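Chains as they are written, first to last, in our numbering: chain D, 1 to 327; chain Z, 1001 to 1334.
Take a look at the structure below.
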Amino acid sequence: MIAKFLKSREAILLAAVIALILLVETRFAGFAAPSNLAGVFNDTSILIILALGQMAVILTKCIDLSLASNLALTGMVVAMINATAPGVPVIALIALAIGMGVVMGMFNGILVWKLDIPPIVVTLGTLTIYRGVIFLISDGAWINAHEMSGGFKAFPRAEFLGLPVLSWIALLIVGLFVVLIGRTGLGRAFYAVGGNPHAAVYTGISVGFTRFMAFTIAGGLAGLCGYLWVSRYAVAYVDVAGGFELDVVAACVIGGISIAGGIGTVGGAVLGALFLGVIKNALPVAGISPFWQLAISGAAIIIAVAFNARGERSKGRVILKSAEHAQ
Amino acid sequence: MSLSEGTRPRHVPDRLTSRSQRVLRSWEALLIGVAVLIFIANTQASPYFLNPWNLSDATFNFTEKAMIGFAMALLIISGEIDLSVAGIIALASTAMGYALQFGIGTPGLVAIGLGVGLLCGAFNGVLVTRLGLPSIVVTIGTMSLFRGIAYIVLGDEAYNGYPSSFAYFGQGYVFWVISFELVVFLILALIYGILLHATNFGRRIYVIGNNPTAAVFSGVRVQRIKMTLFLLTGLMSGVAAICLTSRLGSTRPSIAYAWELEIVTMVVLGGVSILGGSGSILGVVIAALVMGMVTFGLGLLNVPGIVMSIFIGALLIGVIALPRLIALLRARRA
Chain D
1 MIAKFLKSRE
11 AILLAAVIAL
21 ILLVETRFAG
31 FAAPSNLAGV
41 FNDTSILIIL
51 ALGQMAVILT
61 KCIDLSLASN
71 LALTGMVVAM
81 INATAPGVPV
91 IALIALAIGM
101 GVVMGMFNGI
111 LVWKLDIPPI
121 VVTLGTLTIY
131 RGVIFLISDG
141 AWINAHEMSG
151 GFKAFPRAEF
161 LGLPVLSWIA
171 LLIVGLFVVL
181 IGRTGLGRAF
191 YAVGGNPHAA
201 VYTGISVGFT
211 RFMAFTIAGG
221 LAGLCGYLWV
231 SRYAVAYVDV
241 AGGFELDVVA
251 ACVIGGISIA
261 GGIGTVGGAV
271 LGALFLGVIK
281 NALPVAGISP
291 FWQLAISGAA
301 IIIAVAFNAR
311 GERSKGRVIL
321 KSAEHAQ
Chain Z
1001 MSLSEGTRPR
1011 HVPDRLTSRS
1021 QRVLRSWEAL
1031 LIGVAVLIFI
1041 ANTQASPYFL
1051 NPWNLSDATF
1061 NFTEKAMIGF
1071 AMALLIISGE
1081 IDLSVAGIIA
1091 LASTAMGYAL
1101 QFGIGTPGLV
1111 AIGLGVGLLC
1121 GAFNGVLVTR
1131 LGLPSIVVTI
1141 GTMSLFRGIA
1151 YIVLGDEAYN
1161 GYPSSFAYFG
1171 QGYVFWVISF
1181 ELVVFLILAL
1191 IYGILLHATN
1201 FGRRIYVIGN
1211 NPTAAVFSGV
1221 RVQRIKMTLF
1231 LLTGLMSGVA
1241 AICLTSRLGS
1251 TRPSIAYAWE
1261 LEIVTMVVLG
1271 GVSILGGSGS
1281 ILGVVIAALV
1291 MGMVTFGLGL
1301 LNVPGIVMSI
1311 FIGALLIGVI
1321 ALPRLIALLR
1331 ARRA
């Protein structure tokens, strides 16, 4: 068991994250202190939640590029409701955010399932549509901190057993995903559909419905993150989380989730997100200009995918070398 | 199953559809219909639409994107994709601005723009063809890497002061209202049309897209052709970078931000299958016109850019979903 773990991708990734933390520690003492690491985790919580949603989608051989737009739209809607009607309880707003996210995810899912449109095309379209709708409803205006009610902003920051609620939500989602992916039929169906869609059909799994569910779950999580993002940063505007969809895909790829579907673990997605989160938090304290961040995460994706490809190559006997390369 | 089927004599045509029917039912015909409708809607919506100078200005909405779109179409037909094209524009433009600081003249700047484009294309190509990595992930990575390097060099600064001779590429007119960019667009459309539809190279791109394994066994040098396509896409991004930088007269690291999505939208709207294996350059040309007219027409009506993106997104999904939806409903009724 332990030997197996040591050889796994997750172990290597964990070692990489720890090495990265220690490297930063040498330049800036105190980075590896538990309280600071808890802060890094809290900072990365939203990325972790979205990466798990994206993982479900990628496992089924699809991709969802609309997650960040979904997040921004739900965030704007709950912020606007809070600004105009501060009396609405936060829990109702969270439920609304999740519900809206689910609906947007279902819209992606229906198009992929019933009309068989390639997911990258669908979500490329909804990415721009959802983002545009934010402008339509807000008229380009910002919802600032002073317009939001105290309870709205306080919820993700509230401390519970030493950790903010935001971190607890991320941990809860991680726990739910461990159960969903490993212990439910739907979770196993994600792997079956991504690993071999044809075989999945013969075992009685509806490929389209499984993908629909993956999009729905990812959408719901994006909706939840919409509230979390807007309340945590206490601002909502059209470009909230712009380009974040690629960070989410990057976290998954770094975490060893195969873009070809069917391969990946919850631990991998979490570690992939943490890897990016540590880099994001380390750059300022290490005195590196934040302008380096984009290039570093780009390089990390390329290195990670090159690394993953070596592990994923099938062990079968190669009859014609060049034919294998053509795949 | 309709009732009349059993009563009529069975009719088996020797050809499934006639040539004219095929043309009428083709994706390009549908797109032309959409283009005409948008054109008419635009003339009705704004009295300023039919002004030749306005129309000429409108072409800048799509010429640069379409230049990359042609190469991207070939790449997507071959079953790969390049999401780093806007990143290449940012890096090539930054490199040109950097060279400008050393007093390099217009020919040198053009060479640097094209050279950086080619280098970036080669980098993508090597990762995809030599290491066998999936292009969608590789180019998501290089998209951040290329633009990231531009951010490292420039930060929140900008390069200005390009020589006046450099301004011709983005601001010059060859004849009356025909801009230099429009001429480049038309010439490239012709070149790519011939390359894809009338050469062995073009046929091989379709073969690769339809069945890469069969292509290898048929003696097609799959990796070499894919490498060439990545180089072409990089080169076209370099060309677009020159035109765009010249038109704007400055370089910021956020230049051409999110263009990759618009370019892929244009190509897919043009009828190129995102799964590879089918598509035409004519389709991409018409899609470029459609997107350009939508953007321009809405611009005349003072619709903000972000709302236009809703139309573009809806157009992308709608144009692809509609034929499938009709087929689905037809199948259900039968």
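Ideal placement from N, C-alpha and C gives every residue a C-beta, glycine not left out.
Since this is a predicted model, take the numbers as computed values, not measurements.
- If you check the CB distance, D/Val305 and Z/Gly1234 do not come in under 9 Å.
- Burial is judged here by how many other beta carbons sit within 10 angstroms of a residue's own beta carbon; D/Pro89 has fewer than 16 and is exposed.
- Collapsing the DSSP output to three states places D/Leu246 in a helix.
- In the DSSP assignment, Z/Val1174 falls within the unbroken beta strand (DSSP E) covering 1173-1175.
- With respect to D/Asp43, D/Gly277 sits close: the two C-beta atoms are nearer than 9 Å.
- What D/Lys61 touches in chain Z, judged by beta-carbon distance under 7 Å, is nothing: the nearest beta carbon there is about 12 Å away.
- Contacts between Z/Ile1152 and chain D, judged by CB atoms closer than 7 Å, involve Phe291, Trp292, Ala295 in chain order.
- Exposed is the label assigned to D/Val179, since fewer than 16 other Cβ atoms lie within 10 Å of its Cβ.
- A distance below 6 Å between beta-carbons, with the five flanking residues on each side excluded, links Z/Ala1334 to no residue of its chain.
- For D/Gly99 against D/Ala222, the beta-carbon gap comes to about 12 Å, at or over 8 Å, which does not count as contact.
- In the structure shown, D/Tyr237 adopts coil according to DSSP, grouped into three states.
- D/Ile259 and Z/Met1266 have their C-alpha atoms some 24 Å from each other.
- Distance between D/Leu224 and D/Thr265, taken at the CA atoms: about 22 Å.
- One finds Ser289, Phe291 in chain D with Cβ atoms closer than 7 Å to the Cβ of Z/Gly1155, taken in chain order.
- The C-beta distance from Z/Gly1170 to Z/Arg1247 rounds to 3 Å, short enough to fall under 8 Å.
- Listed in chain order, the beta strand (DSSP E) elements of length 3 or more contained wholly in the region 1109-1155 of chain Z amount to none.
- For the region 129-163 of chain D, residues whose beta-carbon sits nearer than 9 Å to a beta-carbon of chain Z comprise Ile129, Tyr130, Arg131, Gly132, Val133, Ile134, Phe135, Leu136, Gly140.
- Under the DSSP definition of a beta bridge, Z/Ile1178 partners with Z/Phe1175.
- For D/Tyr202, the closest C-alpha among the options D/Met213, D/Ala214, D/Ala189, D/Phe212 is that of D/Ala189.
- Under the DSSP assignment, Z/Ile1306 falls in the alpha helix (DSSP H) whose first and last residues are 1305-1333.
- Three or more beta-carbon pairs separated by less than 8 Å are not found between the region 1032-1042 of chain Z and the region 1152-1162 of chain Z, which leaves the two stretches without contact.
- In this chain, the alpha helix (DSSP H) harbouring D/Arg188 covers 185-195.
- In summary, the residues of the region 93-126 of chain D whose CB is separated from some CB of chain Z by less than 8 Å are Leu111, Lys114, Leu115, Asp116, Ile117, Pro118, Ile120, Val121, Val122, Leu124, Gly125, Thr126, in the order they occur in the chain.
- Here D/Glu25 is not bridged, per DSSP, to any residue.
- For the region 1243-1254 of chain Z, the beta-carbon criterion of a distance under 9 Å to any beta-carbon of chain D is satisfied by Pro1253.
- Cβ-Cβ separation between D/Ala269 and D/Ala286: approximately 26 Å, too far for a contact (criterion under 8 Å).
- In the three-state reduction of the DSSP assignment, D/Leu163 falls in the strand class, which pools E and B.
- Residue range 1222-1248 is occupied by the alpha helix (DSSP H) that includes Z/Cys1243.
- Among the CB atoms of chain D, one or more fall inside 9 Å of the CB of Z/Val1268.
- D/Ser167 and D/Met76 have their C-alpha atoms roughly 22 Å apart.
- A Cβ-Cβ distance of about 7 Å is found for the pair D/Gly261 and D/Gly195, placing them in contact under the 8 Å criterion.
- Of the residues assessed, Z/Tyr1048 falls on the exposed side of the cut-off, its CB having fewer than 16 other CB atoms within 10 angstroms.
- Identification of chain Z residues near D/Leu246 by a Cβ-Cβ cut-off of 8 Å yields Ile1140, Met1143, Ser1144, ordered along the chain.
- Boundaries of the alpha helix (DSSP H) harbouring D/Thr44: 34-59, taken from the DSSP string.
- Interface annotation, D/Val278: not in contact with chain Z, CB-CB separation never under 9 Å.
- In the same chain as Z/Thr1059, and ignoring 5 residues on each side of it, the C-beta atoms closer than 8 Å to its own belong to Ser1179, Glu1181, Leu1182, Phe1185, Gly1292, in chain order.
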